Amino acid sequence: MSEARRVSIWYLLPLYVYLAIYLVAPLITVILGAFGISPLIQGSGPTLDGFKQFFSGGSKYLESLYFTFWNSAVATLIAVVAGYMFALYLTIRKPTWWGKFSFIPLIAIYTPYLIAAFMWWTLLWPRGYVALFVNGVLQALGVIKEPLYLVNDPYGIGIILGKVWYTFTLTFLLTYGPLQLINPEIVEAARMLGASTRTIIRRIYFPLSRYALFASASIVFLDNLTGVSVPLVLGAAWPQYLSVVILNDVTLFNNFLMAFTSGFVYLVLSILAGYFFFRFTTKAIVYQVR
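Under the numbering used here, the letters of the sequence shown match residues 7 to 296, in that order.
Rendered as structure tokens:
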């Protein structure tokens, strides 16, 4: 082995140890536990009972998984569209006030999820400011007769609002930079040729920033899919996110077999979603650079 090879191995050894302890070992534990191989499971031994229970007809785990996916998808769609539109607005209009308030998105990013969840709970509970305003407007317009529950509701409205609050900022930060890299001379030439703002967005800004948008959408979706703090605080007693079901199986019911099984399914689906998203966006970025 060459000297350079030995130096690189020793230099990267702390990273290898870190990954082995905090990534590889937990993954192996979850995978083995899903098949009943764990000292935490009574009568431990190879079994497929966890998967049979998870995928059985009328399983609460399948219902929870479905709720997790559609709720995360709605939150992702709202956050990505809103964040990208805000980034476009700042890029096109270049308002003078933005320079003084550009630090505000960092507040949302660095606010712990649990604190943000409790903040939204105080705003969305029946006597919260947001709930009073929304229900007041809808009742005044005759849209509803009874106040809507915006938090701890079975439709996950509170979860969506809580997730959009911080993933909107994440999308904005991930797309604003690439938009600034677009050559302004291209935009100016299009305007001189009579292109409208809508045409410039459709023909210039979106094609040149769509891969950053797709990448941010994948990151936001995976973040929404795997979160636990916001669904735990803002979600209803049922349906629940699968992450919350796993937490309850461990802390309330000591059902480690189903916790491991749910975690395994969660892990596989997250890896598949991440693989397809990032495989597409990575290839697209490489082609664009070339």
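Quick reminder that beta carbons are idealized off the backbone N, C-alpha and C, glycines included.
Quantities reported herein were computed from a predicted structural model and do not represent experimental measurements.
Return the CA-CA distance between Ala88 and Val80, expressed in angstroms with no decimal places.
12 Å
Cβ-Cβ separation, Ala223 to Val86 (assumed contact under 8 Å), whole Å:
5 Å
Between the CA atoms of Phe41 and Tyr247 - distance to the nearest angstrom:
22 Å
DSSP on Gly241, reduced to helix/strand/coil?
strand
Given this structure, state the Cα-to-Cα distance separating Tyr217 from Val157, to the nearest angstrom.
34 Å
With 16 other Cβ atoms within 10 Å as the buried cut-off, status of Asn77
buried
Run of the alpha helix (DSSP H) containing Asp159, from where it starts to where it stops:
It is not in any alpha helix (DSSP H) - Asp159 carries neither H nor E in the DSSP assignment.
Is it right to say Ser14 is buried, meaning 16 or more other beta carbons lie within 10 angstroms of its own, or is it exposed?
exposed
So, with DSSP's three-state summary, where would you put Gly4?
Outside the modelled stretch of the chain, which goes from 7 to 296, sits residue 4, for which no answer is possible.
Return helix, strand or coil for Pro101, following the three-state DSSP convention.
coil
For Leu129, tell me which candidate among Asp55, Ala146, Tyr155 and Pro190 has the shortest Cα-Cα distance.
Tyr155
Is DSSP giving Ser78 helix, strand or coil here?
helix
Is Leu185 near Tyr211, with beta carbons less than 8 Å apart?
yes
Quick test of the definition: if touching needs 3 or more C-beta pairs under 8 Å, does the stretch 246-260 touch the stretch 134-154?
no
Quick one: what does DSSP say Tyr155 is sitting in, helix, strand or coil?
coil
For the stretch 52-72 against the stretch 259-270, are there 3 or more C-beta pairs whose distance is under 8 Å?
yes
Could you spell out where the alpha helix (DSSP H) holding Arg197 opens and where it closes?
Pro190 to Met198
Which of helix, strand or coil does DSSP assign to Ala40?
helix
Taking Ala93 as the reference, give the member of Leu273, Phe259, Ser276 and Leu219 with the closest Cα.
Leu219
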